[in-house]
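If you read the protein sequences in the order shown, they are chains A and B. First residue of the first sequence: 0, per numbering that gives the first Met the number 0; consecutive thereafter. First residue of the second sequence: 0, per numbering that gives the first Met the number 0; consecutive thereafter. C-beta: ideal position from N, C-alpha, C; glycine also. Predicted, not measured: the structure shown is a model, and the values here were computed from it. Notes follow once the structure below has been shown.
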Amino acid sequence: MQASRIHPLLFAAITLALVLAAGPLAAQGEQRAVEFRFGDQTVDVPRVGAQVELLPVLRLIGAEVAFSSAAGTYGVVHGDHFIQFSPDRLLVLVDGVLQEGSERPITSPGGVAASFEFLEQTLLASLGFRLEPTPSGFAIVPGESREQQVAVQVAAADFAATTTLVCTVARRVEVRVLVNQEHELGVHFVDALPRLDSSVPLRSRRVTALRARDHVLTIELASGVDLLSWHQLDDPSRIILELGTPRPTPAAAPEEPFEQDVVQPIVIDPGHGGDDTGAVAASGLAEKELTLDIARRLAQVLRGMGLTVRLTRTDDEARALTDRTAFANRLAARAFVSLHANSSTVAAVRGAETYYMSLDRSSTDAAAAATADLENQADTQAQERSPLDLILWDMAQSEVLNESAGLALAVQDRLNTRLDLRDRGVKQAPFAVLTGATMPAVLVEVGFLSNPDEATMLRDPSHQQGVAEAIAQGVADFVRPP
Amino acid sequence: MTHRVLAIVAAAVLVAVILIVLLVTGGRRALRETAPTPGEPLPSPTSAPQQQVVLLFAAADGLLHPELRAVPLPTENHERIRVLVSELLAGPGTGLEPAIPYSAELLGVYVETAGHAFVDLSAPPAPLTGSHTELMLVYSVVNTILLNCPSLVDVQLLFSGEEVTTLTGHMDLSKPLALNKRFIVQ
């Protein structure tokens, strides 16, 4: 009798204790693991706080994972893909390309753990998978592979009546350009997913917004602006869109010479000179001679078009970089074209490229530069600069920059169509000779003297003439009145 | 006797269960307390004072390419820059080309509190040529430093202790330069 009374009490206590124990255990169980399914296989993957162990998931999809203690990195090999990442680091190397993860993976009991976002967006997406929620966890299913994603960099050049929008895409893609609705264009990527590279801000008075979603890059246009034409170029792959207000009677482009414009000459700057030889080819051809040769030819072609031309040097003489720009500023030049031939320590590097100015400075330095520039411009009336002055200075810089981009695009396009050179495209760099130019200013690198093939080509007078004519046509495209 | 034995066994089981509960919940609590949280730095897996850094080198496509390398990385920017530039000067591992085309020496590193860094390299023994050579050299150093030292704002290169206006007659090197990803492979 006594025993039968004690036992239920004890069992009740034991049951209570078990319930107390089971509660936290069950709660921990929910936190402890999450099921991942891949095909027929499933694996329970431990969680670490809000993060999840990465190695079991990667092994589930058949990836080989190795930790290099020498490099401090995890290497993941799956098919043709190779990913490297490290605990505590934001940067991830995916197939040789640097990417910035949204957060850092962490060292965990199982090796390395990260958020579900990192697992899906950075690792699985790069390997062609995505996560699909299931009642008990996630299924790993084929996704839009990273190969389908294509980075798109958009640059705009505003001209008086039109805007040229250049969408540089990382590889050749098939696209269709459709007018979605009034003032909105859709560039449809047939088998690729455009991803906007927003590292370069877009400045255009005819484009109000850009966005990329799924297969479509949407371009919002300012009021009254329409698509005039579009075409694609290769190497690098680009989609060129001409935007503007359609004219009722599109007249053929006038081919007759321009009226003589004595007020605003084109200033051509043959790079280097004097003791500054510049690059020298193995054949002995010096950059300072080549740039002067091409400059003379360019001047002749432009004059033939009725334009006024001035050269910063007409002989083998030294000129300071600042004097060259100052010369163009004093003449209130319509455009400034600095001619150069390139050189690389890597002989295989080749091609022609056109640069315009970049303001690669931190914001504090840019503000200091603006103040200094304003003070230089008004050295007789030293006064404190207001924020409005800085805004106006920035706007003026932006305007010149936009025009320089337009000139660079025009010149580079003509070089591409006229000459059989590798197109290295239009780029921005903080070049001294372009600093402080108050007119559209570009620096053209006509080819690499360090590349044996291009050095041979650049020696050829007919090639030099071709380069001069291509640049002249580009300049003419830019200064031609609408 | 039987009852007493049963009571002792039951009490022992109860104590055991309570101990298990305490151990499990206590253990879990302890684990939770030491569980890493996002953003909280942890020792590297090897617990060696090494960290992975990104080094930028030149390549045949005319762009800077990243190479990951584990190096002992000090937390202080001044020392960190010394390590990074020394690794760049040691050259790439495989497949890439040095972006600094001469045996340069690191002569000094200066860091201002506002996040401006100055790196003094020995001047090239002979004049370098080409805007491409200049862009690769300058941005391999500037970008490598700024990618690995997030608290820094910009970097100015000095050559043999001198501020230079340009190296090959193209870039304006008289001012510090911010991170520029345009010359890094995308």
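>> Tell me the residue span of the beta strand (DSSP E) that contains G185(A).
In response: Counting from one through the first sequence, the residue named residue 185(A) turns up at place 186. Here the beta strand (DSSP E) through G185(A) covers 183–188.
> When the cut-off is 9 Å and only beta carbons count, does Q83(A) lie next to chain B?
Replying inline: By one-based count along the first sequence, residue 83(A) stands at place 84. Cβ-Cβ to chain B under 9 Å: yes for Q83(A).
> Just how far apart, CA to CA, sit P108(A) and P100(B)?
Replying inline: The residue labelled residue 108(A) in the question sits at position 109 within the first sequence. The residue labelled residue 100(B) in the question sits at position 101 within the second sequence. Near 44 Å, if we compare the C-alpha coordinates of P100(B) and P108(A).
> What is the DSSP secondary structure of I144(B), reduced to helix, strand or coil?
Replying inline: Walking along the second sequence from the start, residue 144(B) turns up at place 145. In the structure shown, I144(B) sits in a helix (DSSP, three-state: H, G or I).
> Does the stretch 233–247 of chain A come close enough to the stretch 148–163 of chain A to have 3 or more Cβ pairs within less than 8 Å?
Replying inline: yes
> Would you say E96(B) reaches chain A, if we count a Cβ-Cβ gap shorter than 9 Å as a contact?
Replying inline: Looking up residue 96(B) in the second sequence gives position 97. Cβ-Cβ to chain A under 9 Å: yes for E96(B).
> Using a Cβ cut-off of 8 Å, which residues of the stretch 420–434 of chain A contact any Cβ in chain B, in chain order?
Replying inline: R423, K426, Q427, A428, P429, F430, A431, V432, T434
> Between the stretch 52–70 of chain B and chain A, which residues of the former have a C-beta closer than 8 Å to a C-beta of the latter?
Replying inline: V53, A57, A58, A59, D60, G61, H64, P65, L67, R68, A69
> With burial defined as no fewer than 16 other Cβ atoms inside 10 Å of the residue's Cβ, what is the status of H230(A): buried or exposed?
Replying inline: In the first sequence, the residue the question calls residue 230(A) occupies position 231. Exposed: under 16 other Cβ atoms inside 10 Å.
>> Assuming T167(B) and S130(B) are in contact, meaning their beta carbons sit under 8 Å apart, how far apart are those beta carbons, in whole angstroms?
In response: Reading the second sequence from its first residue, position 168 is the one you call residue 167(B). Reading the second sequence from its first residue, position 131 is the one you call residue 130(B). With 8 Å as the limit, T167(B) and S130(B) qualify as a contact, their Cβ atoms being about 7 Å apart.
> What are the start and end residues of each continuous alpha helix (DSSP H) run of 4 or more residues lying completely inside the stretch 37–68 of chain A, in chain order?
Replying inline: 54–59
>> Between which residues of its own chain and V478(A) is the CB-CB distance below 8 Å, once the five residues before and five after are set aside?
In response: Taking the first residue of the first sequence as position 1, residue 478(A) is located at position 479. The residues are F257, I265, L306, R333, A334.
>> Just checking: is the beta-carbon of P100(B) within a distance shorter than 9 Å of some beta-carbon in chain A?
In response: In the second sequence, counting from the first residue as 1, residue 100(B) sits at position 101. It does: the Cβ of P100(B) has a partner Cβ on chain A nearer than 9 Å.
>> I'd like to check one pair, P123(B) with F158(B): are the Cβ atoms closer than 9 Å?
In response: Numbered from its first residue, the second sequence carries residue 158(B) at position 159. Numbered from its first residue, the second sequence carries residue 123(B) at position 124. Cβ atoms of F158(B) and P123(B): closer than 9 Å.
> Smallest Cα separation from A32(A): which of G38(A), L53(A), D39(A)?
Replying inline: Counting from 1 along the first sequence, the entry for residue 32(A) is found at position 33. Nearest option by C-alpha distance: L53(A).
> Is it buried or exposed for D87(A), if we count other Cβ within 10 angstroms and need 16 for buried?
Replying inline: Taking the first residue of the first sequence as position 1, residue 87(A) is located at position 88. Buried.
>> Going by the DSSP bridge assignment, what does R68(B) pair with across the sheet?
In response: Sequence index remark: in the second sequence, residue 68(B) carries index 69 (1-based). Note: R68(B) sits in a beta bridge opposite V52(B).
>> By the three-class DSSP mapping on this structure, what secondary structure does N450(A) have?
In response: Here residue 450(A) corresponds to residue number 451 of the first sequence, with the count starting at 1. Three-state result, N450(A): coil.
> Checking contacts by CB at 9 Å: is R196(B) closer than that to chain A?
Replying inline: This structure cannot speak to residue 196(B), because chain B is shown only from 0 to 185.
>> Among V308(A), P45(A), H187(A), whose alpha-carbon lies nearest the alpha-carbon of V178(A)?
In response: The sequence position of residue 178(A) within the first sequence is 179, counting from 1. If we check each option's Cα against that of V178(A), H187(A) comes out closest.
> For a contact meaning CB atoms closer than 9 Å, what does S449(A) contact in chain B?
Replying inline: Position 450 of the first sequence, counted from the first residue, corresponds to residue 449(A). Those are T128, G129, H131, T132, listed as they occur along chain B.
> Who are D322(A)'s beta bridge partners in DSSP?
Replying inline: Residue numbering aside, residue 322(A) sits at position 323 when the first sequence is read from its first letter. According to DSSP, which records beta bridges pairwise, D322(A) is partnered with nothing at all.
> Does DSSP put G473(A) in a helix, in a strand, or in coil?
Replying inline: Walking along the first sequence from the start, residue 473(A) turns up at place 474. Of the three classes helix, strand and coil, the one that applies to G473(A) here is helix, per DSSP.
>> List, from N- to C-terminal side, the beta strand (DSSP E) runs of 3 residues or more that fit wholly inside the stretch 60–116 of chain B.
In response: 63–71, 105–110
> Contact check, H115(B) vs V140(B) under 8 Å by CB: the rounded distance?
Replying inline: In the second sequence, residue 115(B) corresponds to position 116, counting from 1. In the second sequence, residue 140(B) corresponds to position 141, counting from 1. Rounded, the Cβ-Cβ distance is 15 Å, inconsistent with contact.
>> Would D119(B) pass as an interface residue toward chain A - the criterion being a Cβ-Cβ separation below 9 Å?
In response: By one-based count along the second sequence, residue 119(B) stands at place 120. Output row for D119(B): interface = no.
> From this set, T437(A), L123(A), L420(A), which residue's C-alpha is nearest D452(A)'s C-alpha?
Replying inline: The residue given as residue 452(A) occupies position 453 in the first sequence. Of the candidates T437(A), L123(A), L420(A), the one whose C-alpha sits nearest the C-alpha of D452(A) is L420(A).
>> Give me the chain B residues within the contact set of D275(A), using Cβ-Cβ distance strictly less than 9 Å, ordered along the chain.
In response: The sequence position of residue 275(A) within the first sequence is 276, counting from 1. Here the neighbours are P126, G168.
>> Checking 9 Å against the spacing of the C-beta atoms, do G61(B) and V410(A) come in under that value?
In response: To locate residue 61(B), count along the second sequence from 1; it is residue 62. To locate residue 410(A), count along the first sequence from 1; it is residue 411. Cβ distance not < 9 Å, so G61(B) and V410(A) don't count as in contact.
> At a Cβ threshold of 9 Å, is E241(A) touching chain E?
Replying inline: Absence of chain E from the displayed structure is noted, the protein chains being A and B.
> How many whole angstroms separate the CB atoms of V64(A) and A112(A), which I take to be in contact at a CB cut-off of 8 Å?
Replying inline: Here residue 64(A) is taken as the residue at index 65 of the first sequence, counted from 1. Here residue 112(A) is taken as the residue at index 113 of the first sequence, counted from 1. About 13 Å separates the two Cβ atoms, so there is no contact after all.
> Between the C-alpha atoms of L184(A) and L232(A), what's the straight-line distance to the nearest angstrom?
Replying inline: Residue 184(A) sits at position 185 when you count from the first residue of the first sequence. Residue 232(A) sits at position 233 when you count from the first residue of the first sequence. For L184(A) and L232(A), the distance between alpha carbons rounds to 19 Å.
> So what does DSSP say about F115(A), is it helix, strand or coil?
Replying inline: To locate residue 115(A), count along the first sequence from 1; it is residue 116. Three-state DSSP puts F115(A) in a helix.
> For V184(B), which residues in chain A fall below 7 Å Cβ to Cβ?
Replying inline: Position 185 of the second sequence holds residue 184(B). What V184(B) touches in chain A: V96.
> Between R181(B) and Q120(A), which are expected to be in contact by the criterion C-beta below 8 Å, what is the C-beta distance as a whole number of angstroms?
Replying inline: Mapped onto the second sequence, residue 181(B) falls at position 182. Mapped onto the first sequence, residue 120(A) falls at position 121. Incorrect: roughly 24 Å between the Cβ atoms, too far for contact.
> At a Cβ threshold of 9 Å, is N341(A) touching chain B?
Replying inline: For this step, residue 341(A) is matched to residue 342 along the first sequence. Closer than 9 Å: yes.
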